[in-house]
Every structure is written in C-alpha cells, then in structure tokens.
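One structure is given here, and the rest of the page talks about it.
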Amino acid sequence: MLSIMFKDEHKIILFSVIGGISVWIIDAFIDSFVFSMEPFWNSLLADDIHELYLRSIFLVSFILFGVIISRLVSKRRQAEDAIRINEKRYRMLFENAGDAIFILDAEGEKPGRIVAANQAAAEMHGYTISELLALNITDLDTPETAKKAPGQIQSMLKGERIKTEAIHRKRDGTTLPVEISAGLFELENHKYILAFDRDITERKLAERALRESEEKYRSLMESAGDSIYLVDRDCRYLFMNKKHLSRLGLTEDSFLGQAYRDSHSPEETKGLVEKVDKVFETGESVKHEHLSRRDNRYFLRTLSPVKDTDGSIIAVTVVSKDINELKQLEEKLRTLSLTDELTGIYNRRGFFTMVEHLLRLAKRQRKGIFMLYADMDNLKVINDTWGHQEGDRALIDTANIFRATYRESDIIARIGGDEFAVIPAGFIGDNTEMITARFQKNLKDYSTKNKRSYTLSISFGISYYNPESPCSVDELLRQAEKLMYDEKMRKQKP
Numbered sequence: 467m468l469s470i471m472f473k474d475e476h477k478i479i480l481f482s483v484i485g486g487i488s489v490w491i492i493d494a495f496i497d498s499f500v501f502s503m504e505p506f507w508n509s510l511l512a513d514d515i516h517e518l519y520l521r522s523i524f525l526v527s528f529i530l531f532g533v534i535i536s537r538l539v540s541k542r543r544q545a546e547d548a549i550r551i552n553e554k555r556y557r558m559l560f561e562n563a564g565d566a567i568f569i570l571d572a573e574g575e576k577p578g579r580i581v582a583a584n585q586a587a588a589e590m591h592g593y594t595i596s597e598l599l600a601l602n603i604t605d606l607d608t609p610e611t612a613k614k615a616p617g618q619i620q621s622m623l624k625g626e627r628i629k630t631e632a633i634h635r636k637r638d639g640t641t642l643p644v645e646i647s648a649g650l651f652e653l654e655n656h657k658y659i660l661a662f663d664r665d666i667t668e669r670k671l672a673e674r675a676l677r678e679s680e681e682k683y684r685s686l687m688e689s690a691g692d693s694i695y696l697v698d699r700d701c702r703y704l705f706m707n708k709k710h711l712s713r714l715g716l717t718e719d720s721f722l723g724q725a726y727r728d729s730h731s732p733e734e735t736k737g738l739v740e741k742v743d744k745v746f747e748t749g750e751s752v753k754h755e756h757l758s759r760r761d762n763r764y765f766l767r768t769l770s771p772v773k774d775t776d777g778s779i780i781a782v783t784v785v786s787k788d789i790n791e792l793k794q795l796e797e798k799l800r801t802l803s804l805t806d807e808l809t810g811i812y813n814r815r816g817f818f819t820m821v822e823h824l825l826r827l828a829k830r831q832r833k834g835i836f837m838l839y840a841d842m843d844n845l846k847v848i849n850d851t852w853g854h855q856e857g858d859r860a861l862i863d864t865a866n867i868f869r870a871t872y873r874e875s876d877i878i879a880r881i882g883g884d885e886f887a888v889i890p891a892g893f894i895g896d897n898t899e900m901i902t903a904r905f906q907k908n909l910k911d912y913s914t915k916n917k918r919s920y921t922l923s924i925s926f927g928i929s930y931y932n933p934e935s936p937c938s939v940d941e942l943l944r945q946a947e948k949l950m951y952d953e954k955m956r957k958q959k960p
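Quick note: the sequence shown uses the working numbering, first residue 467, plus one each step.
Shown next, in the form of structure tokens:
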C-alpha cells in the first residue's frame, strides 16, 4: 500500500514538473514567434535574465504545488485506508465475538429497534440476523424484563451506562439468563445503543448449586447436636450454629464481632489459639480433648482449615463434640479394671500400675519406700465354717480397716484372695512397727466393737525399696511375702 502511495505521489510531482517545463516552452514559443521574432532556441534559453527569473518562478511554483497536492492526496489516502482497516477490524470483532452484540436505535418512534446484530446474537436466540433486524430488543425480553427497557433507555440517553441481568426469550420460547452491559454512542447526529449480552446460564446453575449446597450445609450444621463455629486467625467468630449460640448464651445478632476470649478464660483461649495457629501453619486438621470450664464437661474438638479458591487458608471450622459421658464411662472402665470389685480398693493390676509409677518417681528423687504385705490368717476357716458370704464380709471389713488406718494418698490393694498390700508413701523413718501399730489397734477395736463369731487376724511382712540399689515390684513383694510367712510361722508355734 505504501508503494502505491509513493507511486501516486511521484506521478503528481512528475506531472507538476512536466507542467512547469511545458509553461516554459510555451512562453518561449510565444516570445519567439509573436513578440521578439528571435530564434526559438534563443528564446527557450532566455538570454534575458528577467525572463529566465520569471520562468524559473513558474517552474518552481508548479513543482511545489505538485508536492503539496501529492502530500494532501497521500494523507487523505492514508486516512481512508486507516478507516477501512479499523472498520474491517471492528467488523471482524463484531462478527466473531463470543458474546451477543446488538446496536439499537435509541431514538425513533420505537426506541430499542435492532439495527445490527452479530452472529453470536443470532445463534444465542435461535434467529437469523435478518430476522433479528426486524425486531425490537423488547421482543427478546420476557414481559418482566421488557417493562424495564424504556427506563433503561432513558437512563442511557442521559449518559449513564447500565450493567444488569435479565431474562431473554429464544425463538422456540425457552428462556435464558443474560448479563447486559450497554451504553450510548452517536453516529452522524443520531444516537444508538451498543449492548453486549452474555449467556450466564452456566453461572446461574453453578450459583444455584452452590446456594443449595450452602443451605444444605447450614441445615446440617444447625441440626447437628455438636457445637460448630468458624473463627479467623485472631479467633474471632465468623459463624456459630444454634447449639453453640445456646452454650454461650448468645443470639445470631449478638455474636458478630465477638472473640473466643470474650467468653472463655485466658487459659482456654491460649489453648485454642495454639491449635488455630497450627492449622494455619500446617494446613492440616487438629483433634484434641478439651475440658470446658464454662460447662465443666469434656469435648472432643476437631479443627479443620477453610480455604479459598487459591488454596489459601482463610478460617478454621471447629466442631466441638460433647464426650463427657464417654469420658465418665472411660473413667468407670478404668476404675473397674484397676479396682477390686468386692472391696473397692485397688486390685493386683491397679496396685502394680500405681507402684511402678511410684518406684520410678522414688528412684529419680532418691527416696526410699516401704511395702507392707498382709495375709488374713483364718479366711479358709471362716469360709468353711460360716460360708463364703461371711468370708466376703470379712474381706470387706479388713479392707475398711486398712482404709481407716492409712491415708488416701497411700496405696492400698487386695492383690490375692486373702492377701493385701500397702505402700505408706508418706512414712518417714526406719521403725517398721509404726507402720503396723495403728492397724493392729484398729483391728483390735473392730473386733471388740463388732461381735463376730470369729476374730480377724492378720500377719504382716514389710520390705524396703532402696533407690541406691533399686529392684522391681515383684522383688519387693517376694521380700515382704517371705517376712509375712515368717511371722505367720511364729504365731503357729506354741
């Protein structure tokens, strides 16, 4: 295209030069044959300096005129070409756009008449382009949408741009949701509207699915028996279900802006903050048991991250399940597994569990511990003479005497049928008789007070745990048991 422009420009300049030379020759011809009668060549070469000056001015003027005209023609040609290129470009954009594009008459008898539409508009609505050009834009609207069109056109005539959603109707009668962006433009003193319509069917379906999912999720959370709440990085509440609102004594309107610390102790707040920080840092869920001071109940809390579309953690969901009854059951089962069912004191398992822990502590603290091993002397006689029910009663009475003699912090256990063991953890000194003296007194007082057909008799053996040469619980029991049998043998001698 530029080569063509330069060629035309050169032609104009060439013609200007030829024109200037032609004027020179004609002037010389007239001067030679009409006025001076001199030879033509003399007249052509203009031996008169004034004549030569005038002819040169004419020649240069013609050339300059040609250059100016060629430049004007070139610029106009460039402008026309630019307009054609832009028109072609916009036409391609108009025709190939994925969104429906309409050009509407904003004035006229019926504002909104379609004066141009692209192929996407035709395909979106099920019409041909020629059919669309015979319609008003309101013909594509549902009755509800069509009512809004006149007001929207008036707003655009005032210079406003509109962006709204509407429902369009296809040729087959089905409807589709569209997002409309439109504005006014003027062409040749006439006002038009340029409108872009985007089919948002998929977006609406996604929004509906999301809304239904959110409603279902909210319904599940509200109907859940667990406390559920949402907190940000600063442990401020973003949401809480009715169960948690009820626990805190709040309403849906009053919890906004509240922080966890506003309704919990500093210690409890610190515990939750640490767990929330861990979720934000690792992106993983956290579970832990929590004793609520507000309710004096145990809860199992599960903290899970809430992420945005970029995968960034924006909040933490906390599900707090009441496990107080479960904890009570666990404690009951633990107690049953460590406690003698008949007497209520520790059984053999409970005794070993507690004493092993105590020996480890004694070793670290370099502290000695005594162990008392006791055996009922006449349980078999009681069972054989008065029955096993009376024998059980004797065992219970013996356990009660041990309870009355030693402190709650001491470990008292029934480790066999008629065998008992005691760890007087707080005893200080080496006079072992003091360990049994009070028991013997209580045993005697019991026999005096309760007139049984039999007399309770207990034999003892006491061993010592030395932290300088530590031993096992079994070894301590064997030592104490041997000493107990030695005492029993002494009692049997006449």
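We put the CB at the ideal spot given by N, CA and C, even for glycine.
In terms of DSSP beta bridges, what is I646 paired with? In the DSSP assignment, I646 is bridged to T630 and D663.
How would you label T608, buried or exposed, when you count the other beta carbons within 10 angstroms and need 16 or more for buried? By the neighbour-count rule (16 or more Cβ atoms within 10 Å), T608 is not buried but exposed.
Going by the beta-carbon positions, is the gap between F817 and A879 smaller than 9 Å? Yes, the pair counts as a contact, with Cβ atoms nearer than the cut-off.
Should the region 926–942 be regarded as contacting the region 845–854, the criterion being three or more beta carbon pairs within less than 8 Å? With a cut-off of 8 Å, the region 845–854 and the region 926–942 do not count as touching, because too few Cβ pairs lie within range.
Beta-bridge partners of F886, as assigned by DSSP: F886 is bridged to A840 and R880.
Taking CB distances under 9 Å as the criterion, tell me whether Q585 reaches chain C. Note that chain C does not occur in the displayed structure, where there is just one protein chain.
Report the three-state DSSP secondary structure of E947 (helix, strand or coil). Collapsing the DSSP output to three states places E947 in a helix.
Looking at the secondary structure, which residues open and close the beta strand (DSSP E) in which S770 lies? Residues R763 to K773.
Which term fits D663, buried or exposed, when burial requires 16 or more other beta carbons within 10 angstroms of its beta carbon? Buried, since its Cβ has 16 or more Cβ neighbours within 10 Å.
Under 9 Å between the Cβ atoms of F905 and Y872? Yes; because the gap between Cβ atoms is below 9 Å, this pair is in contact.
DSSP three-state assignment for H656, whether helix, strand or coil: Strand.
Would you call the region 782–799 and the region 897–917 in contact, with 3 or more CB pairs under 8 Å? Taking a cut-off of 8 Å for Cβ pairs, the region 782–799 and the region 897–917 do not touch, as fewer than three such pairs fall below it.
Answer yes if the region 652–663 comes into contact with the region 736–753, meaning at least three C-beta pairs across the two stretches below 8 Å, and no otherwise. No, the region 736–753 is not in contact with the region 652–663.
One question on the structure: do I567 and A632 come within less than 9 Å of each other, judged by their Cβ atoms? It is not a contact, given that the beta carbons lie outside the stated cut-off.
Euclidean distance between Cα positions of L468 and E561: Confidence is the limiting factor: at L468 the pLDDT is only 40, short of 50, which leaves the residue's position unreliable, though a coordinate-based value still follows. Between the C-alpha atoms of L468 and E561 there is a straight-line separation of about 29 Å.
For I867, the first and last residue of its enclosing alpha helix (DSSP H): Following the DSSP letters along the chain, one finds I867 inside the alpha helix (DSSP H) bounded by residues H854 to T871.
Looking at the structure shown, is K833 part of a helix, part of a strand, or coil, going by DSSP? K833 falls in the coil class under three-state DSSP.
Going by Cα to Cα distance, which pick from A887, V784 and K773 is closest to N813? Ranking the options by Cα distance to N813, first place goes to A887.
What residue range does the beta strand (DSSP E) around D913 cover? The sequence shown places Ser at residue 913, rather than the Asp named in the question. Element bounds for S913: not the beta strand (DSSP E) but the alpha helix (DSSP H), E899 to K915.
Given this structure, state the Cα-to-Cα distance separating D743 from R699, to the nearest angstrom. Answer to the nearest angstrom: the Cα atoms are 7 Å apart.
With DSSP as the reference, label Y593 as helix, strand or coil. For Y593, the three-state secondary structure derived from DSSP is coil.
Just to confirm the assignment, what range does the alpha helix (DSSP H) spanning R713 have? R713: member of the alpha helix (DSSP H) spanning K708 to L714, first to last residue.
Closer than 7 Å by C-beta to D638: which residues in its own chain qualify, once you throw out the five before and the five after it? Chain order, please. If we look at D638 and ignore the five residues flanking it on each side, its Cβ neighbours are G592.
Three or more beta-carbon pairs under 8 Å between the region 612–623 and the region 580–597, yes or no? Between the region 612–623 and the region 580–597, the count of C-beta pairs closer than 8 Å stays below three; the two stretches do not touch.
Since H754 contacts K741 with CB under 8 Å, what's their CB separation in whole angstroms? Their Cβ separation, rounded to whole angstroms, is 6 Å, which keeps H754 and K741 in contact under 8 Å.
Does the region 572–582 come into contact with the region 619–629, if we say contact requires no fewer than three beta-carbon pairs (one atom in each stretch) closer than 8 Å? Flag = yes, the region 572–582 and the region 619–629 touch.
Grouping DSSP H, G and I as helix and E and B as strand, with all else coil, what is E575? E575: coil per DSSP, three-state reduction.
Would you report the Cα separation of L671 and T775, rounded to the nearest angstrom? If I take the Cα positions, the gap works out to 19 Å.
Going by other Cβ atoms of all chains shown within 10 Å of its Cβ, with 16 needed for buried, is V847 buried or exposed? Exposed, by the Cβ-count rule.
With DSSP run on the structure shown, which of helix, strand or coil describes E807? In the structure shown, the three-state DSSP call for E807 is coil.
Give a yes or no on whether the C-beta atoms belonging to I877 and I889 are separated by under 9 Å. Going by C-beta atoms, I877 is nearer than 9 Å to I889.
Could you have a look at D776 and say whether DSSP puts it in helix, strand or coil? In the structure shown, D776 sits in coil (DSSP, three-state: anything other than H, G, I, E or B).
Taking the alpha carbon of D843 as the reference point, which residue from I780, S919, D565 and I924 has its own alpha carbon closest? Here the closest residue by C-alpha is I924.
Would you say the beta carbon of S925 comes nearer than 8 Å to a heavy atom of the ligand GTP? The ligand content of the structure shown is nil, which means the ligand GTP is not present either.
Name the one or two DSSP bridge partners that R800 has. Beta bridge pairing from DSSP links R800 with no other residue.
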